[in-house]
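Everything below concerns the one structure shown next.
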Amino acid sequence: MGFDRNAARALDTAAAGGARYADIRFEVARSERIEVRNGVVVTLSDATSRGYGIRALFDGAWGFAASSDLTDAGLDRTAARAVAIARAGAAIARRRFGDVPPKAYVDTFATPMHRDPDDVPLDERVELLLAAEAALHADPSVRVGRAWLDLWRTDKFFYSTIGSKIAQSLRQTGSGMQAMAVGDGDVQTRTFPGDVGLYQSGGWEVVEAAQLPANAQRIGEESAALLRAPQSPSGTCDIVLGGSQVSLQIHESCGHPAELDRVMGWEANFSGVSFLEIDRLERLQYGSDIVTIQIDNTLPAGLATAAYDDEGTRSGVSDIIRAGRLAGYEMSNDTARTIGRQSNACVRAESWEFVPMIRMCNLNLLPGDVAFDHLFDDIADGLYMESNRSWSIDDHRLNFQFGCEIAWEIKNGRRGRMLKNPTYAGVTPQFWNSCDAIADRDSWVAWGTPNCGKGEPIQTGRTAQCASPARFRNVRVGVGYGG
Amino acid sequence: MDKAAREALGARILERSNADHTEALVHSAQNELTRFTHNAIHQNVASNDVAVSIRAIVGLRTGVARTNVVNDDSLQACVERAIALARLAPEDPGLADLPNGGAVQTPPGAFAPKTADATPAIRTRMCEAIFEVAERDGLWAAGYASTNATGITILNTRGATASFDGTAAGVNVKMNADDSTGFGEAYANDVSAIGARTIAETAAQKALASAKPRAVDPGEWTVILEPAAFGELFSYIGDHFSAQSFDEGSSFLSDGLDKPYLGENVTIRDDYAHPLAPGMPIDFEGQPTQRLALVEDGVGRAIVTDSYWAKRLNRTNTGHALPAPNAYGPQASHLVVDPGSASIAQLIAGTKRGLLISRFWYIRTVDQRRAIVTGMTRDGTFLIEDGSIVCGVRNMRFNHSVIEALRHCEFSSDVRRTGSFDYSMVVPSAKIEGFTFTSGTDF
Chain A
6 MGFDRNAARA
16 LDTAAAGGAR
26 YADIRFEVAR
36 SERIEVRNGV
46 VVTLSDATSR
56 GYGIRALFDG
66 AWGFAASSDL
76 TDAGLDRTAA
86 RAVAIARAGA
96 AIARRRFGDV
106 PPKAYVDTFA
116 TPMHRDPDDV
126 PLDERVELLL
136 AAEAALHADP
146 SVRVGRAWLD
156 LWRTDKFFYS
166 TIGSKIAQSL
176 RQTGSGMQAM
186 AVGDGDVQTR
196 TFPGDVGLYQ
206 SGGWEVVEAA
216 QLPANAQRIG
226 EESAALLRAP
236 QSPSGTCDIV
246 LGGSQVSLQI
256 HESCGHPAEL
266 DRVMGWEANF
276 SGVSFLEIDR
286 LERLQYGSDI
296 VTIQIDNTLP
306 AGLATAAYDD
316 EGTRSGVSDI
326 IRAGRLAGYE
336 MSNDTARTIG
346 RQSNACVRAE
356 SWEFVPMIRM
366 CNLNLLPGDV
376 AFDHLFDDIA
386 DGLYMESNRS
396 WSIDDHRLNF
406 QFGCEIAWEI
416 KNGRRGRMLK
426 NPTYAGVTPQ
436 FWNSCDAIAD
446 RDSWVAWGTP
456 NCGKGEPIQT
466 GRTAQCASPA
476 RFRNVRVGVG
486 YGG
Chain B
110 MDKAAREALG
120 ARILERSNAD
130 HTEALVHSAQ
140 NELTRFTHNA
150 IHQNVASNDV
160 AVSIRAIVGL
170 RTGVARTNVV
180 NDDSLQACVE
190 RAIALARLAP
200 EDPGLADLPN
210 GGAVQTPPGA
220 FAPKTADATP
230 AIRTRMCEAI
240 FEVAERDGLW
250 AAGYASTNAT
260 GITILNTRGA
270 TASFDGTAAG
280 VNVKMNADDS
290 TGFGEAYAND
300 VSAIGARTIA
310 ETAAQKALAS
320 AKPRAVDPGE
330 WTVILEPAAF
340 GELFSYIGDH
350 FSAQSFDEGS
360 SFLSDGLDKP
370 YLGENVTIRD
380 DYAHPLAPGM
390 PIDFEGQPTQ
400 RLALVEDGVG
410 RAIVTDSYWA
420 KRLNRTNTGH
430 ALPAPNAYGP
440 QASHLVVDPG
450 SASIAQLIAG
460 TKRGLLISRF
470 WYIRTVDQRR
480 AIVTGMTRDG
490 TFLIEDGSIV
500 CGVRNMRFNH
510 SVIEALRHCE
520 FSSDVRRTGS
530 FDYSMVVPSA
540 KIEGFTFTSG
550 TDF
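Just so you know, the sequences run in chain order A and B.
Counted the way the working numbering counts, the first sequence spans residues 6 to 488.
Counted the way the working numbering counts, the second sequence spans residues 110 to 552.
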């Protein structure tokens, strides 16, 4: 690897300074974003960022220092700084952190990819977005059309004082579009696919799978139609949620509460705590028995897929919710140790500048056995909602309220007229216990969330929650609009 | 990296470009943060970086490339990449000339050497003071102490040369008791102006005073929002002052300026020179930033622009650009709300039945144009009866329009700086009538 000598120097410096353990993560990240807004390419940018972060463990306290200075002096200074920061913390430590990770790996990994985005000419990328965005203006009330794509390539090189040496080349790709219609003091938006677009690990095939041009006119028309649509009702009814909204529901009401650092209070001031306390492990009935949610950081299309996390732990598959019961957490080495388990490789940093922390990675609701169309079969009076518009949940991850961009009424098993401003609310375990049907694998999509915020200083995480549409009974709806 | 070095780096970029016009944005950052929970440090970090962003304009076409590798070869490649992107971009007939800058005066106190030179030991001492208060009262503290230094330089081939050096320090504390929590915060440019122990005492007092919280019924309440709570709510109309949202119809001001939108007691400014939060006198295009009254006595008076939106709407460039490229339009990033005449004690004393709220949690927009937002109370919510605080109450969810709130409100006489990772502002406490809560929690 190209950083072997640099890594050895930095780790030696940290060890000489007294670190019991240290690791260094070099990253070279390249990103491209194109965004078209109302026929204008408002963003056409290319960015390269290169640097490294060093973690040092001294007397049970962690220090982390990051720099883009790759000179020998810079490496020495940054390694020494990591140790100095750890020493400062150790001086007043009321508890001791940090075991040396149990296993070292020497390995390489590259994201599987069908078509390298670099093989697609830039003007072809731009033309795709211009065509899709133009088709969004299907009605004069569409005041804003947007279409975008992101191409990310990250080369990571991880080394540790116990002998790990891991090189990973990760490719992540996403695209989406949005129409905003304005009229009579109202603003209505439709976004496709899902509420952020479609983001997955992989190459240009991810953009092709999003099918933006084929859906643009319909999305534009729907945003305009929403201006004229009746208000979605308030009260209690059965609801069916589209796949991307189920993905968001998993993210907020399972993904975040199952982060073990949050359970332990490490995120108490900013990201909040969790109702999934450790004494509820293997006991809490989180959802109905058809609800199984797994971490699978090996899933090829998952946005967070990697062979190793940023502590050098190998990825695998493990249960968080098994047949409705709390079965596990997303863990780091430090947190897993406190409950007598091994890390399940859920530690990520946004980039070289940030300290790695627990992230939900790929967290997937396993598909059910009902065809999507049959989710409506025995609903006499309900709502089908798609695409998130607002999301809020309390700092224990219990009381939630979500709004969607669009709804359709369900009458006697059939989808009826369009409704605007749908919202629903609930309490996490009651809600998931009301889930009585999940659509089958034909509707299962590896939805990615490219912009999850957590930590101080805040970091953006790229997570995935793969899901199918699902049905929930007796849910409170219409909150925020008089409900 | 100091101003001279940033300017030299920017000049190296401009001299390498053969685009019609070129802008170089040089950004250096030293960020340090010590984070704690359960009265112990669990995260202690520092990072430093220098990055450049290059905007190339060829005819009516624009491309932007960025890198943090600043050797000659990399800069040359980055310049060429920006130009190549520009040549591949479609023409934008609305493209504006880059600004040619102007004289600026950095507000006193924007840069504090003590913050720029702060060591991990300084933050450790702040944490220790917080832990001592927590342990004295049988509580556990979670939060952070941070010290940051930032340098910005913008140069372009139309003659703009502008630089800013600023510092920021913050302490943010949540105190945790068995069944209650409390909150305190302080932000300043100079770390020595922050009293960590005082913040800890405030948070501890709130946690202790809200023990054994009672449940109260959702519904319409009179609320008094302390600055952290009001600022968080208020931040959700920040983008309504952008020329882009104004023009596209998603702002509450979109029906036109010089109309009454808010209560007659509401004046909102964008002021980078406020003494509590001295900030950047330039925007990210190097244009001097205007100090503006956005809403005056309830009447919408101004929106903020950058070069693109000034040209498009035939308005003055107010100097509120974000770094190029951006799809969000210009932003008012130094919001100030003028105070009222009553102390917060008087606001409480004048309340028959209401809630005192320290802080909100996870606010999100439910309806953009009407500015309806939802969120939860957090870390110190109290029942007020007959002018006095009676007890703590369990947290509740609200759904309310920020615009409606600003039509029926009264402000305290003092203002405080508040903020989060994405905003900083100066606001008073606010008493709001008819604030709608829709559900509760068990905690």
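For every residue, glycine included, the Cβ atom is placed at its ideal position computed from N, Cα and C.
*Taking only beta-carbon atoms, is B/H147 less than 8 Å away from chain A?*
Interface residue, yes.
*asked:* Quick check on A/V480: buried or exposed, where buried means 16 or more other Cβ atoms within 10 Å of its Cβ?
replied: buried
*Check distances from the C-beta atoms of the region 60–90 of chain A to those of chain B and list, in chain order, the residues that come in under 7 Å.*
A66, W67, G68, F69, A70, A71, S72, S73, R86, A89, I90
_Contacts of A/W449 in chain B (Cβ-Cβ under 9 Å)_ = Going along chain B, no residue has its Cβ under 9 Å from A/W449, so there is no contact; the nearest lies around 27 Å.
*Which residues of chain A have a Cβ atom closer than 7 Å to the Cβ of B/I555, listed in chain order?*
A question about residue 555 of chain B goes unanswered here, because the residues of chain B that appear run from 110 up to 552.
_Burial state of B/K540, where buried means 16 or more other Cβ atoms lie within 10 Å_ = Only buried fits B/K540, as 16 or more other CB atoms lie within 10 angstroms of its CB.
_Inter-stretch contact at 8 Å, needing at least 3 Cβ pairs: the region 453–472 of chain A / the region 238–258 of chain A_ = yes
*Check whether the Cβ atoms of A/C440 and A/G292 sit closer than 8 Å, and answer yes or no.*
yes
*Helix or strand or just coil, what does DSSP make of B/A337?*
Here B/A337 sits in helix by DSSP.
*Could you confirm whether any beta carbon from chain B is found closer than 8 Å to the beta carbon of A/V147?*
no
*Where does the unbroken beta strand (DSSP E) through A/N393 begin, and where does it stop?*
386–398
_Beta carbon of A/F381 nearer than 8 Å to that of A/R420_ = Pairing A/F381 with A/R420 gives a Cβ-Cβ distance under 8 Å.
*For the putative contact between B/K461 and B/G260, defined by C-beta atoms under 8 Å, what is the C-beta separation to the nearest angstrom?*
No, B/K461 and B/G260 are not in contact; Cβ-Cβ is about 52 Å, not under 8 Å.
*For A/Q435, the three-state DSSP class (helix, strand or coil)*: helix
_Strictly under 8 Å for the Cβ-Cβ distance: is A/L135 near chain B by that measure?_
yes
_Below-8 Å beta-carbon distance, B/W418 vs any chain A residue_ = no
*Cα separation between A/Q347 and B/H136?*
41 Å
*Mind pulling the beta strand (DSSP E) runs of 3 or more residues that sit fully within the region 310–365 of chain B?*
328–334
*State the beta-bridge partners of B/K283 as determined by DSSP.*
B/A251, B/F292
*Would DSSP call B/G236 helix, strand or coil?*
Residue identity differs from the one stated: residue 236 of chain B is Cys in this sequence, not Gly. The answer is helix: DSSP assigns B/C236 an H, G or I state.
_Please identify the residue among B/N127, B/I377, B/N140 whose C-alpha is closest to the C-alpha of B/N265._
B/N127
*By the criterion of Cβ-Cβ separation under 7 Å, what are the contact partners of A/I463 in chain B?*
Contacts between A/I463 and chain B, judged by CB atoms closer than 7 Å, involve F530 in chain order.
*Starting from the Cα of B/G501, find the closest Cα among B/P397, B/K315, B/A295, B/R175 and give me that residue.*
Ranking the options by Cα distance to B/G501, first place goes to B/K315.
*A/I171 (DSSP reduced to helix, strand or coil)*: strand
*To the nearest angstrom, report how far apart A/D124 and A/T178 are at their CA atoms.*
14 Å
*In chain A, which residues lie less than 9 Å from B/K321 when you measure between Cβ atoms?*
Simply none; closest approach about 18 Å.
*Please state if the CB of B/A312 and the CB of B/V332 are separated by a distance shorter than 8 Å.*
no
*Should A/A393 go down as buried or exposed, given a rule of 16 or more other Cβ atoms within 10 Å for buried?*
It should be noted that the sequence gives Asn, not Ala, for residue 393 of chain A. Buried is the call here.
*State yes or no: is the beta carbon of A/N338 nearer than 8 Å to at least one beta carbon in chain B?*
The Cβ of A/N338 sits no closer than 8 Å to any Cβ of chain B.
*With which residues is B/F546 paired in a DSSP beta bridge?*
B/G328, B/F507, per the DSSP bridge assignment.
*asked:* In whole angstroms, give me the CA-to-CA distance for B/I391 and B/V213.
replied: 7 Å
_Within 8 Å, do at least three Cβ pairs link the region 168–185 of chain A to the region 142–153 of chain A?_
yes
*Can you list, in chain order, the residues of the region 430–455 of chain B whose Cβ is nearer than 9 Å to any Cβ on chain A?*
Here the close residues are A433, P434, N435, A436.
*Is there contact here, the region 293–304 of chain B with the region 409–422 of chain B, by at least three beta-carbon pairs under 8 Å?*
no
*Compile a chain-ordered list of the residues in the region 95–113 of chain A whose CB is closer than 7 Å to at least one CB of chain B.*
With the criterion set as a beta carbon lying under 7 Å from some beta carbon of chain B, the members of the region 95–113 of chain A are A96, I97, A98, R99, R100, F102, in sequence order.
*Tell me which same chain residues have a C-beta within less than 6 Å of the C-beta of B/E494, skipping the five on either side of it?*
R462
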